[in-house]
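These protein sequence lines map, in sequence, to chains G and V. Take the first sequence: its letters are residues 206 to 341, numbered as in my numbering. Take the second sequence: its letters are residues 324 to 602, numbered as in my numbering. C-beta: ideal position from N, C-alpha, C; glycine also. A short write-up of the structure that comes next.
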Amino acid sequence: MTGHSDIHAYLAELEDIPGTRVYTATRARAGYQLNQFAMSLMKPANRDRWKADEAAYLDAWPMTEAQKAAVLARDYNRLLDLGGNIYFMAKLFSTDGLSFVQAVSTMTGMDVGEYQAMMNAGGRSPEGQRSIKGNY
Amino acid sequence: MARITAGVGSSHVPLLGVAADQGKDRDAYFAPIFAGYDWTRAWEREQKPNVVILVYNDHASAFDANIIPTFAIGAGERFKPADEGWGPRPVPDVIGHPDLAWHIAQSLILDEFDMTVINEMDVDHGLTVPLTMMFGAPDAWPVRVVPLAVNVVTYPVPTGNRCWALGEAIARSVASFPEDINVQIWGTGGMSHQLQGPRAGLINAEWDNRFLDRLIGETDELRRVPHIEYLRETGSEGIEMVMWLIMRGALGPATKVLHRHYHVPCSNTAIGHIVLEPA
Numbered sequence: 206m207t208g209h210s211d212i213h214a215y216l217a218e219l220e221d222i223p224g225t226r227v228y229t230a231t232r233a234r235a236g237y238q239l240n241q242f243a244m245s246l247m248k249p250a251n252r253d254r255w256k257a258d259e260a261a262y263l264d265a266w267p268m269t270e271a272q273k274a275a276v277l278a279r280d281y282n283r284l285l286d287l288g289g290n291i292y293f294m295a296k297l298f299s300t301d302g303l304s305f306v307q308a309v310s311t312m313t314g315m316d317v318g319e320y321q322a323m324m325n326a327g328g329r330s331p332e333g334q335r336s337i338k339g340n341y
Numbered sequence: 324m325a326r327i328t329a330g331v332g333s334s335h336v337p338l339l340g341v342a343a344d345q346g347k348d349r350d351a352y353f354a355p356i357f358a359g360y361d362w363t364r365a366w367e368r369e370q371k372p373n374v375v376i377l378v379y380n381d382h383a384s385a386f387d388a389n390i391i392p393t394f395a396i397g398a399g400e401r402f403k404p405a406d407e408g409w410g411p412r413p414v415p416d417v418i419g420h421p422d423l424a425w426h427i428a429q430s431l432i433l434d435e436f437d438m439t440v441i442n443e444m445d446v447d448h449g450l451t452v453p454l455t456m457m458f459g460a461p462d463a464w465p466v467r468v469v470p471l472a473v474n475v476v477t478y479p480v481p482t483g484n485r486c487w488a489l490g491e492a493i494a495r496s497v498a499s500f501p502e503d504i505n506v507q508i509w510g511t512g513g514m515s516h517q518l519q520g521p522r523a524g525l526i527n528a529e530w531d532n533r534f535l536d537r538l539i540g541e542t543d544e545l546r547r548v549p550h551i552e553y554l555r556e557t558g559s560e561g562i563e564m565v566m567w568l569i570m571r572g573a574l575g576p577a578t579k580v581l582h583r584h585y586h587v588p589c590s591n592t593a594i595g596h597i598v599l600e601p602a
């Protein structure tokens with residue numbers, strides 16, 4: 206068994222990772238309409254309507270004002286805080302013509318060149334990045 | 324009777340599909356990655372498996388946020404490459420094996436693994452990139468495929484132990500399929516990567532290689548690695564590696580390694596690849 210008998214302890218651990226929003230049920234529930242909005246962009250006709258008037262397109266979705274503002278700003282860290290999931294947010298940035306590396310780099314405080322250089326040098330070390338409480 | 328003859332582990336990074344589809348797979352960036360699959364391509368041509376049970380995860384392609392199956396098996400006749408926002412990959416349709424898929428699904432349910440059965444779905448890079456890595460760019464894929472989709476996105480995802488046990492049950496079900504066919508099982512995804520937040524770009528080559536080490540031989544230590552360890556050590560998307568444990572579990576008590584490959588980076592990700600046989 207690797208099972209946790211205590212879901213509360215399990216979920217609490219998931220919040221102890223620096224710079225990371227694990228996609229828990231709480232986030233999935235908060236972000237449900239946001240993620241479904243992003244998924245709607247997989248249909249070409251919807252993409253056309255979205256590109257013609259983003260704000261009007263968003264108004265048809267029962268999302269919070271904070272979610273709508275973060276979508277319009279393409280603030281991906283904020284979108285994750287508001288329940289967005291990266292694979293759904295990928296529908297938004299692919300519609301913008303961005304690759305995963307380009308979009309992901311915007312969440313790190315680096316520009317895309319710096320981010321790619323970090324990846325080419327072996328990526329971000331896990332040292333000091335594993336636990337907020339444990340600081341290791 | 325059908326038999327599982329080998330297991331393959333592989334990353335399924337979407338950029339590998341792009342590189343292959345655009346003929347960039349031997350350029351300076353991608354050559355070290357693809358070269359690590361040359362051995363496997365030659366080996367697959369000799370092995371001629373009839374069917375691959377391909378364990379992967381859907382990335383908001385066939386399933387939206389509405390329905391979240393933990394373990395889903397594709398029982399359709401064929402599956403089309405999904406449009407993931409950059410257009411569908413120009414690769415052949417994936418031909419299913421509904422007889423084997425339904426046999427596995429029914430057997431698993433009697434064996435107390437309550438599978439979701441999918442008749443119609445498109446398959447995304449999680450499934451088509453491993454086919455490309457192992458078979459190149461043929462006019463038609465040389466195997467039938469039973470897709471097995473695992474939720475590794477919405478928490479809790481299945482435990483490593485449950486994945487391993489599912490693999491064991493898949494092996495039992497394949498062994499009772501009456502046709503004499505050669506079946507492989509592939510576990511895909513990983514290795515270390517994080518696609519989100521300020522910690523994005525995390526790579527842990529030391530941990531990844533210890534994971535590969537522990538797929539080999541008699542150890543079953545990986546059954547007991549908890550989710551939080553994958554998250555802390557290998558990034559938020561490193562959790563995909565639990566899917567490799569379905570493959571490992573299906574190979575029985577011990578394995579021997581035929582081929583192994585590791586490379587950093589591909590896009591945001593560490594590439595890992597292993598070929599195993601039951602020992």
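Give me the DSSP bridge partner(s) of residue i.
| i | result |
| --- | --- |
| Y585/V | G595/V |
| F305/G | DSSP, once it has assigned bridges, lists no residue as partnering F305/G. |
| P601/V | T578/V |
| P470/V | L377/V |
| S333/V | T511/V, H596/V |
| G540/V | T578/V |
| I327/V | V506/V |
| L525/V | R329/G |
Here's the rule I'm using: 16 or more other beta-carbon atoms within 10 Å means buried, otherwise exposed. How should residue i be labelled?
| i | result |
| --- | --- |
| E319/G | exposed |
| D503/V | exposed |
| K248/G | exposed |
| Y553/V | buried |
| E443/V | exposed |
| D228/G | Reading off the sequence, residue 228/G comes out as Tyr, not Asp. Buried. |
| E367/V | buried |
| T363/V | buried |
| P404/V | buried |
| K167/G | In this structure chain G extends from 206 to 341, so residue 167/G is not present and cannot be described. |
| L277/G | exposed |
| P331/G | buried |
| E220/G | exposed |
| Q345/V | exposed |
| Y341/G | exposed |
Do residue i and residue j have their CB atoms nearer than 8 Å?
| i | j | result |
| --- | --- | --- |
| V309/G | A523/V | yes |
| V392/V | A472/V | The sequence shown places Pro at residue 392/V, rather than the Val named in the question. Yes; because the gap between Cβ atoms is below 8 Å, this pair is in contact. |
| G512/V | I569/V | no |
| P470/V | Y379/V | yes |
| I327/V | I396/V | no |
| L431/V | S499/V | no |
| Y281/G | A383/V | no |
| H426/V | V374/V | no |
| L287/G | L246/G | no |
| L535/V | R583/V | yes |
| S590/V | V306/G | yes |
| P588/V | G328/G | yes |
| G330/V | I508/V | yes |
| V489/V | F394/V | Rather than Val, the amino acid found at residue 489/V in this sequence is Leu. The answer is yes: Cβ separation under 8 Å. |
| A577/V | A602/V | yes |
| L339/V | V414/V | no |
| F353/V | A365/V | no |
What did DSSP end up calling residue i once you bin it into helix, strand or coil?
| i | result |
| --- | --- |
| A428/V | helix |
| V580/V | strand |
| F402/V | strand |
| G575/V | coil |
| E560/V | coil |
| F394/V | strand |
| Q517/V | coil |
| N442/V | coil |
| G410/V | coil |
| M323/G | helix |
| N340/G | coil |
| I418/V | strand |
| D320/V | Chain V is shown only over 324 to 602; residue 320/V falls outside these bounds and no answer can be derived. |
| M247/G | coil |
| G359/V | coil |
| R335/G | coil |
| F534/V | helix |
| F436/V | coil |
| A388/V | coil |
| N290/G | coil |
| M170/G | Lying outside 206 to 341, the shown extent of chain G, residue 170/G is not represented and no answer is given. |
List the residues of chain G whose Cβ lies closer than 7 Å to the Cβ of residue i, in chain order.
| i | result |
| --- | --- |
| L525/V | G328, R329, P331, Q334 |
| A398/V | Under the 7 Å cutoff, chain G gives no residues; its nearest Cβ is about 24 Å from A398/V. |
| W409/V | S299 |
Quick one: list the residues of chain V neighbouring residue i, beta-carbon separation under 7 Å, in chain order.
| i | result |
| --- | --- |
| R226/G | Q519, G520 |
| N325/G | P588 |
If we define contact as Cβ-Cβ less than 8 Å, is residue i a contact residue for chain C?
| i | result |
| --- | --- |
| V306/G | Although the question refers to chain C, the structure presented lacks it and instead comprises the protein chains G and V. |
Mind listing the chain V neighbours of residue i? Cutoff is C-beta to C-beta under 9 Å, in chain order.
| i | result |
| --- | --- |
| N251/G | The contacting residues do not exist; N251/G stays about 12 Å from chain V at best. |
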